[in-house]
Amino acid sequence: MSININPSSNTVLQLANISLSFGGVKALTNISFDVREHEIRSIIGPNGAGKSSMLNVINGVYHPQAGDIYFRGEKRKQMNPAEAARQGIARTFQNIALFKGMTVLDNIMTGRNTQMKSGFISNAIWVGKARNEEELNRHKVEEVIDFLEIQHIRKTPVGKLPYGLQKRVELARALAAEPSLLLLDEPMAGMNVEEKQDMCRFILEVNQQYGVTIVLIEHDMGVVMDISDRVVVLDYGKKIGDGLPDEVKNNPEVISAYLGTNH
Amino acid sequence: MKRIKTSILGAFFAVIALLCNTYPLLAQAEDQFIAIPSFRVGPYGQNGQAFYGGFIDYLSYVNIKDGGVNGVKFSWEECETEYNNAKGVECYERLKGKSGISKGTAIHVMSTGISYSILDKTQADKVPLIMMGYGRTDAVDGSVFPYAFPLVTTYQMQASAIVKFLSQKNGGSLAGKKIVYLYHDSAYGKEPIVALEAESKINHFKLTEIPVAHPGNEQGAQWLKIREENPDYVIFWGWGVMNQTALKAAQKVGFPRDKIIGSWWAGSEEDVIPAGDAAKGYMSATWNVSGKSVPVIADIEKVVYGAGKGNFSDKAKIGTVLYNRGVSAAIVTVEATRLAQNKYGKGKPVTGEQMRWAFENLNITDAQLKSLGATGLLPEIKTSCENHEGSGKIKIQQWDGTKWVVISDWIEGNKALIHPLFKASARDYAKEKNITPACLKN
Amino acid sequence: MQFFIEIVISGILSGLMYSLVALGFVLIFKASGVLNFAQGAMVYAAALAVVGFIDYGMPMWLAIIAAFIFMVIVGILTEKFVLGKLVNQPPITLFMATIGLSFFLDGLSPILFGSEVRPINLGIVDEPIQAMMDLTGIGISKLDLFSSGIIILLVILLALLFQFTKVGRALRAVADDHQAALSLGIPLENIWAIVWAIAGFVALVAGLLWGSRNGVQYALSLTALKALPVLILGGFTSVPGAIVGGIIIGVSEKLAEIYIPPVMQDAFGGNFGGIEGWFPYIFALLFLLVRPEGLFGEKHIDRV
Amino acid sequence: MLYREAGQFKTTYKSDSQIFPILQDRIGMALLLLVAVIGVPLFASEYWLNAILIPFLIFSLAALGLNFLTGYAGQLSLGSAAFMAVGAYATYNFQLRIEGIPFILSFILGGLSAAAVGILFGLPSLRIKGFYLAVATLAAQFFVVWCLTKFPWFSNNSSSGVISAQTLSLFGFAFDTPVSKYLLVLVIVAGLALLGKNLARSSTGRAWMAVRDMDVAAEVIGIPLMKTKLMAFAISSFYCGIAGALYAYCYLGSVEPDGFSLDLSFKILFMVIIGGVGSILGNFLGAAFILLLPIFLDIILPFISQLFHLPIPNSVVSHIQLMVFGSLIIFFLIVEPHGLARLWQITKEKLRLWPFPH
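Chains as they are written, first to last, in my numbering: chain R, 9 to 271; chain H, 7 to 448; chain F, 297 to 600; chain B, 256 to 613.
Laid out in structure tokens, this is it:
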């Protein structure tokens, strides 16, 4: 399915010479790559390679010391996650970041908050504006719920759910925001085979049916090679490979990085 | 487990509902029921214990000795207010319901804050609120506050009296002298300021006001300031821990204690003993003398504690300033009851309204005090609608390291100067609450 | 100038008194992550215990030992019956529990040891040092100086304990990471009991010094309010923070009390003294806004 | 068998998002209100109205306010009493200085003033968290009280700083009897509680809870932290402010700044914790508990000492009360850290299944 479009056209996200460090510790050094419309772009690399930091840079949780980010052609450096979300960037987290105290339904509804405009006064009054809006967004959320097949756990507090389902709920929350760019941080970590298959199916459908661009971090090489259009390889905060799955697979540097030779 | 929890909870609320409902019907009708919203715990619990101990001991004394007033025995009930306004209100509301007749007869809360909180309620319930040496001082004007009685003397009159004492010490003039007013930064401490400022104008002394934040357990800065000022006297309006701290801090900076003169809430054993030697020479105002030399006090110890009906497990507090103050408060209350019975019929309990009349027409003479064995315990009291204070006299006492020694006769504050202030402030209050001032006849 | 110096000195001395109370908070927070609001009540309880045992006819030194034992028991029981039963509860629940505990202690100790206001006499007359007075005109209170000495001694003692004893190492391990400590087989319950005992000891010292200063009475439990701003300034987990923070608060508070009210008086008229109630809090708060990690804390990054 | 939702199907999302989705609950609530509005005024004694029911409602409101901030938005505050004070004094001044202003309006203005102060002291929450913030809120507690004591203007230059509330009257009807005061408080509290419930289940409430549970994640899904936190502070303070005004006007009648002490703040916090963090019902349960417990002890302890002829001096009784109060707090925290509200839920669950064990 990987249709190779030429680089210049329809680039969603362009990262140029990004460097990030925490008090001397270098997390990312001089990294550049791009993400195109509708593609599934994977970031792989051994533990501590800086993959999650990369995502955090993309949606503004971390602010890189050097380098530029172009999102839909617009240059941005300092921005907070909330803005990113409003621009249509949604994400899931490596270690689940759901709101433990709330039900599945409420968790997913929070994903709609950026779309919900009614102020606190009309919310307090409820009848009328607020209620209609609530209902409208509830419909959207229910679509996502149906799509991800989690109807049965609507009213359950997320804390009570098994790991796999929590991952799925987190995806649902991200999707509820109807993002144009979706960042997935190890969505299949710690899942059994069936769960992984489901998750893959969901990711592909999201990508194809809704045309959402996806940046994916995943350890399971099999999965990565199957579903992604292009792959970036990071190691010790540096980019050591970039390209089509097959190219990357045969890149000696990548192989050595994974086998852990010459450093 | 869950079931246990829920049942515990259920039981809890059930019992409350039960008790709160049946409870108010427990007091007997033929007694003269006195509501006592007291406090024995918390920051000021000490003072409360001594005061209310004395108060209650005297009531038992009257009951045992002469079977109450004309055969009407006193009954009473306490309720712990913790010196907290809200709890005070709850206590007042609960206790007043205990007796349909008296509504509590006469309420002593010994807390300016609580007295403010229940002022309107006592007014509405027609039961006199007695604030002996505290509380809303402009209630001296009975035409605006018919049911509130700041008896014996108010903060302002006391401050004025202290100034008079000092000027007497200085051959009748304080001109050019420096006086620091160090006070607890609350309603209590702020009341006297108007009086002191007025006094400083006519007596030409320089007045410096230094407040201390509640609770006042740290006064380093204030006393450094005082030493810098180096005043001739420090007039001191402390309460609770603030008192010992002040004396200690004075010693710390080497300020002579016999130049400090406190209010009567800063002049009890509880205030000086913890300060140890630091308190030696410290003076304070008081409107009742301490010690067991007063016959009635000794007699209480004999009669009440002899009968094993005493309020204290150990008798150490008997004869202390606050204990005697409690007794004094009780004496006034009992005499008012007697007066009311004389007017409205002997041998039956009197109502709040009747008590109000009695308090407004008190005339406790030395002769009467003598007959009660309370000679010199407290000053003569003569009240009227214009003057709910009724005395305005205090004595000055000095701590010699072991006991309080009275070093002056009764000193009356400058009424001509102070009472107009009350009138004015009462008028403002009346305007704010649109009350039309009027004296109640009976 | 000399007046200024005097203020600063008295500020430092009473600041150390705040540090002392703050210390108790820090110890417990470090080890178990509980903000122990009962620390003030413990100070009160300890002081009461001392005077109480003296009233029961013990000599001073014995009374102090007895009081210490009492505090240790209180600490252990607290661990066993309160915090031990609340493991894995959110911090706020534990905090509430300690408030409950403070009520309990405020009720219990007067019943055991009497609620009379009593002095503690450490045998030091609290006067300004005369020689100093004559020499420089600056008055320094003997008692405060003595107290500061004791406090510094205490801190050194604790430092040694933490550095060189087995218990101390265990304590630090626990403070760093509960789980890790557990996995190393360090029994948390015992450690916590020990911490509470130590905190009890600190409370005892505080009780003695504050008690000899203001007399033993309920208001001792309010010393906690003096310690809290010290905590936000110095950090809940840093012993040096507590000391330095205490000094900073003490000095700034005294200076403020002397120099700010006149300024405000010129601005608004009226008397604006008595700002010690809030000034330390506002001061610490403003400091925190500039430096959220506190005096000695290090900046932490939100990992996601 | 009575308490069942069997056969009650939700066909629309509207009906699914009702406050009381179960019919029995709706009936129960209706009955409760009926009793509160008609039964209580008919049968309750003056003591019950003045000393229990009115303060109960007022404290419930204050607790509700604090619960928004602490329970929903997760910002621990120890300064609620200060915001009550602002509400009370502001209302007093609006009543005093604006001729013929309807008291409802001055209540609202009082609440808004409290909200403004709340926002001011909420600003630190953007940089500091947890107990640091909690202690920081003490700054509000002490500073506000000090200001009210120090600037005579606030208390209309009363020498003592005490204000005494004017009688409230609407269209010539004066709220001066216990019953009328009670009904006034009841209406206001019930209304605000309803608004609060709506707020809690709306996007606003979800934003708060998101910030509480995981602020980073909340920000990542587009919830602006600053706006959300400050709004929590504002609304919380507004509720506390109204509660403060009622406290002054319908309960105490006259208040001094010191009346709004730290103890009061703690009391309210207790109500929230005991009642149930992040629950509307909990505030009412908590308020009832914290309010009734001391009264209960007042009554029961002397009773017991009489029963067993124990010669307990009053001072000891008072101290025992403190002990029992403290231990009961701890006890409830241990048996049910999620508060009475959770306990109530559990009971309902049981009822649903009854008579079957599971």
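Cβ coordinates follow ideal geometry from the N, Cα and C atoms, glycine included.
Predicted model only: the values in this text are computed from it and were never measured.
Boundaries of the alpha helix (DSSP H) in which H:K170 is found, first to last residue:
Y161 to K175
Residues in its own chain within less than 6 angstroms of B:I443 by CB, not counting five upstream and five downstream?
none
Can you name the residues of chain F whose CB is closer than 8 angstroms to the CB of H:L213?
Residues of chain F passing the Cβ test: none, with the nearest at roughly 11 angstroms.
Would R:L192 pass as a contact of R:T100 if the rule is Cβ separation under 7 angstroms?
yes
In three-state terms, what does DSSP make of F:P536?
helix
From R:E194, R:D154, R:G32 and R:N200, residue whose alpha carbon lies closest to that of R:P170
R:N200
Alpha carbons only, please: which of B:S332, B:S570 and B:N305 is nearest the one belonging to B:S380?
B:S332
State yes or no: is the C-beta of H:Y58 nearer than 6 angstroms to some heavy atom of the ligand COA?
The ligand COA is absent from the structure shown, which contains no ligand whatsoever.
Between F:A515 and H:V247, is the Cβ-Cβ spacing less than 7 angstroms?
yes
Of the residues that make up the region 229-240 of chain H, which ones have a beta carbon closer than 8 angstroms to any beta carbon in chain F?
L230, K231, R233 and E234
Just to confirm, are R:N67 and R:A92 a CB contact at a threshold of 7 angstroms?
yes
Got a sec: which bits of the region 488-507 of chain B sit with their beta carbon under 8 angstroms from any beta carbon on chain R, in order along the chain?
I490
I want to verify the contact list: residues of chain C whose CB lies under 7 angstroms from the CB of B:H574, in sequence order.
Reference to chain C is not applicable here, since the protein chains of this structure are R, H, F and B.
Could you say which of H:I136, H:G59 and H:L253 lies nearest to F:E423 if we only look at CA atoms?
H:L253
Determine, for B:P557, whether the minimum Cβ-Cβ distance to residues of chain F falls below 7 angstroms.
no
Compare the C-beta of R:F107 against all C-beta atoms of chain B and say whether one is closer than 7 angstroms.
yes
May I ask you to list the residues that DSSP assigns as paired with R:L23?
R:F41 and R:I77
Quick check on H:I216 - is its C-beta less than 7 angstroms from some C-beta in chain F?
yes
Give the interface partners of H:E276 over in chain F, defined as CB-CB distance under 7 angstroms, in chain order.
V413
Show which residues of chain H have a CB atom less than 8 angstroms away from the CB atom of B:Q421.
E438 and K439
If I measure Cβ to Cβ from F:W492 and keep anything under 6 angstroms in the same chain, skipping five residues before and after, which residues do I get?
G371, T374 and E375
Cross-chain neighbours of R:P165 in chain B, by beta carbon under 8 angstroms
What R:P165 touches in chain B: nothing, since even the nearest Cβ is about 11 angstroms away.
Classify R:D114 as buried or exposed, calling it buried when 16 or more other Cβ atoms lie within 10 Å of its own Cβ.
buried
For H:S319, tell me which candidate among H:I413, H:A56 and H:K170 has the shortest Cα-Cα distance.
H:A56
Whose C-alpha, out of H:A130, H:L188 and H:H394, is nearest the C-alpha of H:I199?
H:L188
Is the separation between the beta-carbon of H:Q164 and that of H:A291 shorter than 7 angstroms?
yes
Residues that F:G336 contacts on chain B, provided the C-beta gap is smaller than 9 angstroms
Simply none; closest approach about 12 angstroms.
Simplified DSSP state of R:G249, which is helix, strand or coil:
strand
DSSP beta-bridge partners of H:C85
H:P43
Starting from the C-beta of H:K353, find all residues in its chain whose C-beta is less than 8 angstroms away, skip the five residues before and the five after it, and write them out in chain order.
Note that residue 353 of chain H is Gly in the sequence shown here, rather than Lys. So the list reads N76, G77, V78 and Q347, once near-sequence residues are dropped.
Quick check: the region 530-540 of chain B against the region 586-604 of chain B, are at least 3 beta-carbon pairs closer than 8 angstroms?
yes
Output the boundary residues of the beta strand (DSSP E) element that contains F:E375.
Here F:E375 belongs to no beta strand (DSSP E), and DSSP marks it neither H nor E.
Ordered along the chain, which non-local residues of its own chain (more than five positions away) have a Cβ less than 8 angstroms from that of B:F314?
A498, K522, I523, M526, A542, I545 and L546
Does the Cβ-Cβ distance between R:A90 and B:G477 come in under 7 angstroms?
yes
Simplified DSSP assignment, three categories, for R:K108:
coil
Could you list which residues in chain H have their beta carbon closer than 8 angstroms to that of B:A518, in chain order?
Looking at the sequence provided, one finds Asp at residue 518 of chain B rather than Ala. N90, listed in chain order.
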